[in-house]
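K.L.:
Pasting a structure here, questions to come.
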Amino acid sequence: MFAEKYYVMSDKRQRARVQGSWAKQLPKHLGPRGAVPTNQQPKNVNPAPVSWGCGPQKTPQTFEFQQPVKPVREVPPERVIEHAGDYEISYGPSGVSRLRLLPGFLSPEEADWMFSKLLAELPWSQKTNYRQDGPGEAYEEPRLTCWYGELPYTYARSTMAANTQWHPLLLTLRKAVEQASGRSFNSLLCNLYRDGKDSIGWHSDDEASLGAKPTIASISLGDTRVFSLRKQPPQEENGDYTYVERIRVPLSHGTLLLMEGATQDDWQV
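For the sequence shown, our numbering begins at 2 and goes up steadily by one.
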């Protein structure tokens, strides 16, 4: 799976257990030691009362259902977007977050040819990143990438050098994307997912170098991949993503996806 992402760069870079016991009745010919047989007891003697049980009898308890103090929360169902159109996926203080989905942006024949050519001719390499927490341990990003743009691009604490030597086919694709979107783009990150093991962690393309509320265009070539988004949790959730909104977008061969407005501020992909 090959994915291209076009950007605009700016210079401001009880368990309960029940127990029971059974008592075996004493034989009639036996009695307690020293006891007087019943038919020989004095007539004026009242028999002792008999009680069953192992202690004082308790009044049965009754229980009343109480509504929980906190309401039971449900994880919202995942939304699926798979048809062409413009979608406003959220509204918030940051603004409106929008997706525009264009399946079949490239014909199957065009997509096949472009996929083969770019796979063979782009300078793919594996980027070394550094973890955000702790001492910044280095790791190899599980995908191949290449970068085009007049400015360098930094994410995951490592920088890709500026590269103005655009492949001619990428310039043709950029022009087609600009015509379809009405936007201009000046940089491109190409990502190659070689198999089902390659991936990228949750992130937002919100680097300072991309400017405020960047528009990002993504063309997918090759096998269909599931593009997932999750909403940023409110501050009171303390970074817990359990109850956030989620969206799934299947991206097939030759599909164009545009992410606009506050998408990079309010969502992760």
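For every residue, glycine included, the Cβ atom is placed at its ideal position computed from N, Cα and C.
#1: Please classify H204 as buried or exposed, where buried requires at least 16 neighbouring CB atoms within 10 angstroms.
#2: Quick check on the burial criterion: 16 or more other C-beta atoms within 10 angstroms. Buried or exposed for Q84?
#3: Looking at C-alpha atoms only, which residue of R158, L171, A218 is the closest neighbour of P136?
#4: Work out the CA separation of R101 and R80 for me, nearest whole Å.
#5: Just reading off the beta strand (DSSP E) that V178 is part of, what are its end residues?
#6: Using CA atoms only, rank isn't needed, just tell me which of P124, L123, E142, E122 is closest to N130.
#7: Distance check for E65 and L211, CA to CA, integer angstroms please.
#8: Less than 8 Å separating the beta-carbons of Y154 and L190?
#9: So the candidates are R74, C147, P104; which of them puts its Cα closest to the Cα of N164?
#10: Answer with buried or exposed for E75, where buried requires no fewer than 16 other C-beta atoms within 10 angstroms of its C-beta.
#11: Taking the C-alpha atoms as reference points, what is the distance between V227 and V70?
#12: Rounded to the nearest angstrom, what separates D134 and G202 at their Cα positions?
#13: In chain order, which continuous runs of the alpha helix (DSSP H) of length 4 or greater are located wholly inside the stretch 71-133?
#14: Start and end of the alpha helix (DSSP H) containing T243?
#15: Leaving out five residues before and five after G262 in sequence, what residues of the same chain have Cβ atoms less than 7 Å from its Cβ?
#16: Would you call T243 buried or exposed, if buried means 16 or more other Cβ atoms sit within 10 Å of its Cβ?
#17: With a cut-off of 8 Å on the beta carbons, I'd call A218 and L257 a contact; round off their distance for me.
P.N.:
The relevant details are as follows:
#1: Answer is exposed; the Cβ neighbour count stays below 16.
#2: In the sequence under discussion, the amino acid at residue 84 is His, which differs from the Gln named in the question. Under this definition H84 is an exposed residue.
#3: Of the candidates R158, L171, A218, R158 places its Cα closest to the Cα of P136.
#4: Looking at the two C-alpha atoms, the distance is approximately 15 Å.
#5: Counting along the chain, V178 falls outside any beta strand (DSSP E), though it belongs to the alpha helix (DSSP H) covering 169-182.
#6: It is E142 whose Cα lies nearest to the Cα of N130.
#7: Answer to the nearest angstrom: the Cα atoms are 59 Å apart.
#8: In contact: Y154 and L190 (Cβ atoms closer than 8 Å).
#9: Relative to N164, the option among R74, C147, P104 whose CA is nearest is C147.
#10: Flag for E75 reads exposed.
#11: Taking the straight line joining both Cα atoms gives about 39 Å.
#12: Counting only the Cα atoms, G202 lies some 14 Å from D134.
#13: Counting only runs of 4 or more, we get 109-122.
#14: Run containing T243: none; DSSP gives neither H nor E here.
#15: Excluding sequence neighbours, G262 sits near G96, V97, S98, R99, K214.
#16: Flag for T243 reads exposed.
#17: Contact between A218 and L257 holds, since their C-beta atoms are separated by about 7 Å, short of 8 Å.
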